[in-house]
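Novice: Okay, handing you the structure first.
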Amino acid sequence: MSKPRSAPMPAALRAGRPAPHPARTVRCPHCTAAIGVACTTISGRHRKLHPCPARETLWVLTTACCTTCQVEPGIACHDNGRRREDVHPARYTEAQEMAA
0 MSKPRSAPMP
10 AALRAGRPAP
20 HPARTVRCPH
30 CTAAIGVACT
40 TISGRHRKLH
50 PCPARETLWV
60 LTTACCTTCQ
70 VEPGIACHDN
80 GRRREDVHPA
90 RYTEAQEMAA
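Numbering-wise (numbering that gives the first Met the number 0), the sequence shown opens with residue 0 and increments by one.
Shown next, in the form of structure tokens:
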């Protein structure tokens, strides 16, 4: 009698850790974590579970087009021609959908 075959386990589950956040593809402007490395506290002693908000914003800015103000990746969002310090929430959604 043969053993029933099951679906192969994804590599991320096999390793026992979740896939890294896609924001790790840019250098963190806050804690200066390198590309591919987890963000840390400013002292560098402890690694954070999630990337710094500044790193996420930079990743979204460089990755996704904004569906609200219709700008391309790399260009800051604006409200009626006035530059925003942050990005529109719709741009976060767009970036996360592209990463998935």
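Even for Gly, the Cβ is constructed at its ideal location relative to N, Cα and C. Predicted model only: the values in this text are computed from it and were never measured.
Taking buried to mean at least 16 other C-beta atoms within 10 Å of its own C-beta, is Ala6 buried or exposed?
Specialist: In the sequence shown, residue 6 corresponds to position 7, counting from 1. Burial call: exposed.
Novice: Using a Cβ-Cβ cutoff of less than 7 angstroms, which residues in the same chain neighbour Ile152 once the five nearest sequence positions on both sides are dropped?
Specialist: Because the chain is modelled from 0 through 99, residue 152 falls outside the range shown and cannot be assessed.
Novice: Rounded to whole angstroms, what's the CA-CA distance from Pro9 to Thr62? Just pull it up for me.
Specialist: In the sequence shown, counting from the first residue as 1, residue 9 sits at position 10. In the sequence shown, counting from the first residue as 1, residue 62 sits at position 63. The straight-line gap from Cα to Cα measures roughly 26 angstroms.
Novice: Going by C-alpha to C-alpha distance, which of Ala98, Gly80, Cys68 and Arg81 sits closest to Pro88?
Specialist: Here residue 88 refers to the residue found at position 89 when the sequence shown is read from its first residue. Out of Ala98, Gly80, Cys68 and Arg81, Cys68 has the C-alpha closest to the C-alpha of Pro88.
Novice: Determine the direct distance from the alpha carbon of Ala22 to that of Asp85, and round the result to whole angstroms.
Specialist: What you label residue 85 is simply residue 86 of the sequence shown in a count that begins at 1. What you label residue 22 is simply residue 23 of the sequence shown in a count that begins at 1. The alpha-carbon atoms of Asp85 and Ala22 are separated by roughly 16 angstroms.
Novice: Could you work out which residue in His45, Ala94, Thr56 and Ala99 is closest to Thr66 when comparing CA atoms only?
Specialist: On the sequence shown, position 67 is the one that residue 66 refers to. Selected option, being the one with the closest Cα: Ala94.
Novice: For Arg82, list the residues DSSP reports as bridge partners.
Specialist: Taking the sequence shown and counting its residues from 1, the one referred to as residue 82 is at position 83. Paired residues: His77.
Novice: Can you find the residues in the same chain that come closer than 7 angstroms, C-beta to C-beta, to Arg83, ignoring five residues on each side of it along the sequence?
Specialist: Residue mapping note: residue 83 aligns to position 84 of the sequence shown, counting from 1. Taken in chain order, the residues that qualify are Ala75, Cys76 and His77.
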